[in-house]
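**Q** I'd like to ask some things about the structure below.
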Amino acid sequence: MLTRDTGICIRTVDYSETSQVLTFFTRDHGKLAVIAKGSKRAKSAFGGPVEMFSCGPLMFAANQDRALATLTEFTIDTPCPNPARLSADLYVLHGCLLAVELLDHLTDEHDPHPDLYDAFVAFIADMCESAGAPGRREALALLILFELRLLMAVGLRPVLDRCVNCRTGIRDDACGYYFSSAANGLICRDCEGSFQDKVALSPQVGACLTKLGTIAQAAPRTLRDLEKVLIGHFTQLMHRAPRMAKYVLRHCPPS
Ligand SMILES: [Zn+2]
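The working numbering numbers the first residue of the sequence shown as 16 and each following residue consecutively.
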């Protein structure tokens, strides 16, 4: 049976001289691994090899006894994220690849998250737009906002409006707070002694986490410190550091 969906390519593996195995993040079927037979031929049904971040409507045939579905149609949307523009700005590309790594780890095949799909496609398009901009502040802010969106979409929303332990509301100055991955949220000064894994937050990072709307305008140094906290959190969730994390952290915007 042929099934229609729309998706964005998040992994490409050469399968043979002419075919690829592709992973799409689709709107209605979540992650989906497919074989694209003959895709590497210049005159293929897909217009040549499918590239990372290509996005558009697709059709696939599920195989009863095989894990891989067969891709039968895929049309790249216009306007669509432009992979060539991404690869011209290494920092932006690394940010997109980190987002893919986190998305891949935290979502399952055939587990749809339509809102997260829309957010991810918008994130890649915004990253393409920010490619080549001086400084990297905008790209890092986009990445941080997507990482928080991802946590919320997969049911791991961190507690950011009160101390997770004593439930006291966050003070306006957001001073003296800690983040604990084990507790999945903010911990106040009075409770921090009970949490081994906590990291101290600067007032600026505390303010970003309690008022997510301020992230887009935050200073480069604040964004860098916030991304370190989030990478630490994802490292705990994944039981290993995300592979792309060091590339993003090493080249964070100068403060
Ligand atoms: Zn507390």
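Where a beta carbon is used, it is the ideal one built from N, C-alpha and C, also for glycine.
Around the Cβ of P218, are there at least 16 other Cβ atoms within 10 angstroms (buried) or fewer (exposed)?
**A** Here residue 218 corresponds to residue number 203 of the sequence shown, with the count starting at 1. Counting Cβ neighbours within 10 Å, P218 comes out exposed, since fewer than 16 surround it.
**Q** What is the rounded straight-line gap between the Cα of C139 and the Cα of R100?
**A** Counted from its first residue, the sequence shown places residue 139 at position 124. Counted from its first residue, the sequence shown places residue 100 at position 85. Looking at the sequence shown, residue 139 is not Cys but Ile. Each residue's alpha carbon lies about 11 Å from the other.
**Q** For A114, count neighbouring Cβ atoms within 10 angstroms of its own Cβ and tell me buried if that reaches 16, exposed if not.
**A** Working through the sequence shown from its first residue, we reach residue 114 at position 99. A114 should be labelled buried.
**Q** May I ask which residues mark the beginning and end of the beta strand (DSSP E) holding G247?
**A** As a working note, residue 247 is residue 232 in the sequence shown. Not the beta strand (DSSP E): G247 falls in the alpha helix (DSSP H), residues 235-253.
**Q** Quick one: is K46 buried, meaning 16 or more other Cβ sit within 10 Å of its Cβ, or exposed?
**A** Your numbering for residue 46 matches position 31 in the sequence shown. With 16 or more Cβ atoms within 10 Å of its Cβ, K46 is classed as buried.
**Q** Let me confirm a value: H128 is counted as buried when at least 16 other C-beta atoms fall within 10 Å, else exposed. Which label applies?
**A** Here residue 128 refers to the residue found at position 113 when the sequence shown is read from its first residue. Classification of H128: buried, given that the 10 Å Cβ count is 16 or more.
**Q** Would you grab the beta carbon distance between V174 and L121 for me? Rounded to a whole angstrom, and I think it's under 8 Å.
**A** Residue 174 sits at position 159 when you count from the first residue of the sequence shown. Residue 121 sits at position 106 when you count from the first residue of the sequence shown. That pair is no contact at about 18 Å.
**Q** Who does D20 pair with in a DSSP beta bridge?
**A** As a first step, residue 20 is located in the sequence shown; it is residue number 5 there, counting from the start. In DSSP, D20 forms a bridge with L73.
**Q** In the DSSP output, what is K46 paired with across the bridge?
**A** What you label residue 46 is simply residue 31 of the sequence shown in a count that begins at 1. K46 is bridged to F40, E124.
**Q** Using the C-alpha atoms, what's the distance from D92 back to D212?
**A** Here residue 212 refers to the residue found at position 197 when the sequence shown is read from its first residue. Here residue 92 refers to the residue found at position 77 when the sequence shown is read from its first residue. Each residue's Cα considered, the two are about 44 Å apart.
**Q** From G62 to T38, what distance separates their C-alpha atoms?
**A** Counting from one through the sequence shown, the residue named residue 62 turns up at place 47. Counting from one through the sequence shown, the residue named residue 38 turns up at place 23. Answer to the nearest angstrom: the Cα atoms are 17 Å apart.
**Q** Can you give the beta carbon distance from I25 to F40, rounded, assuming they're within the 8 Å contact cut?
**A** As a working mapping, residue 25 is identified with position 10 in the sequence shown. As a working mapping, residue 40 is identified with position 25 in the sequence shown. Confirmed, about 5 Å.
**Q** Compare the Cα-Cα distances from C203 to each of D187, C178, V214 and report the closest residue.
**A** Numbered from its first residue, the sequence shown carries residue 203 at position 188. Checked all of D187, C178, V214; the closest Cα to C203 is C178.
**Q** Take S59 and list the residues in its own chain whose beta-carbon comes closer than 7 Å to its own, dropping the five residues that flank it on each side.
**A** On the sequence shown, position 44 is the one that residue 59 refers to. Contacts found: G53.
**Q** Between which two residues does the beta strand (DSSP E) holding L86 run?
**A** Taking the first residue of the sequence shown as 1, we reach residue 86 at position 71. Looking at the DSSP string, the run of the beta strand (DSSP E) that includes L86 is 84-89.
**Q** May I have a chain-ordered list of the alpha helix (DSSP H) segments no shorter than 4 residues that lie completely inside the region 124-183?
**A** Taking only runs of at least 4 residues, the alpha helix (DSSP H) segments lying wholly in the region 124-183 are 129-145, 152-168.
**Q** So is L14 buried or exposed if we call it buried at 16+ other beta carbons inside 10 Å?
**A** Since the first residue shown for the chain is 16 and the last is 270, residue 14 is missing from the structure and cannot be characterised.
**Q** Answer yes if the region 217-234 comes into contact with the region 180-192, meaning at least three C-beta pairs across the two stretches below 8 Å, and no otherwise.
**A** With the cut-off at 8 Å, the region 180-192 and the region 217-234 touch.
**Q** CB L155 to CB R239, shorter than 9 Å?
**A** Within the sequence shown, numbered from 1, the residue matching residue 155 stands at position 140. Within the sequence shown, numbered from 1, the residue matching residue 239 stands at position 224. It is a contact, given that the beta carbons lie within the stated cut-off.
**Q** Helix, strand or coil for V65 per DSSP?
**A** To locate residue 65, count along the sequence shown from 1; it is residue 50. In the structure shown, V65 sits in coil (DSSP, three-state: anything other than H, G, I, E or B).
**Q** Taking the alpha-carbon of Y132 as reference, which of A57, D205, F68 has the nearest alpha-carbon?
**A** Counted from its first residue, the sequence shown places residue 132 at position 117. For Y132, the nearest C-alpha among the options comes from F68.
**Q** So the beta strand (DSSP E) G200 belongs to, where does it begin and stop?
**A** For the purposes of this step, residue 200 is taken as residue 185 along the sequence shown, with counting starting at 1. From DSSP, the beta strand (DSSP E) with G200 extends over 200-202.
**Q** Sorted by chain position, which residues of the same chain lie with C-beta nearer than 8 Å to E144's C-beta, five sequence neighbours on each side aside?
**A** By one-based count along the sequence shown, residue 144 stands at place 129. So the list is empty, once near-sequence residues are dropped.
**Q** At which residues does the beta strand (DSSP E) containing Y294 begin and terminate?
**A** Nothing can be reported for residue 294: it is not among the residues displayed for the chain, which extend from 16 to 270.
**Q** For ligand 1, any of its heavy atoms closer than 8 Å to the Cβ of D240?
**A** In the sequence shown, counting from the first residue as 1, residue 240 sits at position 225. No.
**Q** Which residues does DSSP list as the beta-bridge partners of D29?
**A** Counting from 1 along the sequence shown, the entry for residue 29 is found at position 14. Looking at the DSSP assignment, D29 forms a beta bridge with Q35.
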